[in-house]
Amino acid sequence: KTTKEAKDEL
Amino acid sequence: MNIFRLAGDMTHLASVLVLLLKIHTIKSCAGVSLKTQELYAIVFATRYLDIFTSFYSIYNTLMKLIFLGSSFSIVWYMRYHKTVRRTYDREQDTFRHWFLVLPCLLLALLIHEKFTFLEVLWTFSLYLEAVAILPQLVLLQRTRNIDNLTGQYVFLLGGYRGFYILNWIYRYLTEPHFVHWITWIAGLVQTLLYADFFYYYFQSWKNNKKLQLPA
Chain A
4 KTTKEAKDEL
Chain B
18 MNIFRLAGDM
28 THLASVLVLL
38 LKIHTIKSCA
48 GVSLKTQELY
58 AIVFATRYLD
68 IFTSFYSIYN
78 TLMKLIFLGS
88 SFSIVWYMRY
98 HKTVRRTYDR
108 EQDTFRHWFL
118 VLPCLLLALL
128 IHEKFTFLEV
138 LWTFSLYLEA
148 VAILPQLVLL
158 QRTRNIDNLT
168 GQYVFLLGGY
178 RGFYILNWIY
188 RYLTEPHFVH
198 WITWIAGLVQ
208 TLLYADFFYY
218 YFQSWKNNKK
228 LQLPA
């Protein structure tokens, strides 16, 4: 989940 | 999304627009490092591989397309546009940027959050972006008179990741388990590389003098 989160950034 | 990240993205977008403005209107890329532009094209190509597989928001996808499109078109302009390519100082822009790509790839193979193709390339893009400005900073040292647009471009490009650092602090404080050391350290190194540029940029702004980096 957290790693996925980081991908919402450019 | 938080105000820091939005400020970061807008600053990043502004840097790209300033550069495109310079190249497209005055048809000149004097003082701009093609090596840095090529590295940034690789950064975006390897970071946004998930653009077709995962969707976050219109904003996210739109910005990815803008950064991909602008970085590749700037490289195209500087390499192939008949007028622009003549203003590129090839003999000054001599940083061996391929020597940056390999160590970043090796480091990404060693240090990453997950050992998957997308994750390793994404991590590679973080490491590469941290050092991508080096050819440009070296070129600025060599170019005696730095024109305003180029100075503003580098200033904005350096500032955007600084806003991202504030964004990471904010997200760490407000979102449980939001911990991404790799991203944070790469972002910090990237911003620190601009430290002396920022110093001389503010000096020139304060004394209202031309921006000149010491040789």
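Taken in order, these protein sequences are the chains called A and B. All residue numbers for the first sequence refer to the numbering used here, where the first residue is 4 and numbers rise by one. All residue numbers for the second sequence refer to the numbering used here, where the first residue is 18 and numbers rise by one. Just so it is clear, CB atoms sit at the ideal spot from N, CA and C, and this is done for glycine as well.
Taking its Cβ as the centre, do 16 or more other Cβ atoms sit within 10 Å of B:Arg178, making it buried, or is it exposed? buried
Under 9 angstroms (Cβ pairs) to chain A, residues found in the segment 68 to 99 of chain B: Ser71, Tyr73, Ser74, Asn77, Met80, Lys81 and Phe84
Excluding the 5 residues flanking B:Lys44 on each side, which residues of the same chain have their C-beta closer than 7 angstroms to its C-beta? Thr100 and Val101
Could you name the residues of chain A that B:Arg22 contacts, counting a contact when the two beta carbons are closer than 7 angstroms? Glu12
First through last residue of the alpha helix (DSSP H) which encompasses B:Glu146: Phe134 to Val148
Contacts around B:Ala149, its chain only, beta-carbon distance under 7 angstroms, and the 5 residues preceding and following it disregarded: Thr53, Leu56, Tyr57 and Val60
Distance check for B:Lys226 and B:Ile68, CA to CA, integer angstroms please. 43 angstroms
B:Lys99 - DSSP class collapsed to helix/strand/coil: coil
Could you tell me the alpha carbon to alpha carbon distance between B:Tyr65 and B:Asp110, rounded to whole angstroms? 27 angstroms
If we count Cβ pairs, one from each stretch, closer than 8 angstroms, do we get three or more for the segment 189 to 203 of chain B versus the segment 123 to 140 of chain B? yes
Could you tell me whether any Cβ in chain A is nearer than 7 angstroms to the Cβ of B:Asp213? no
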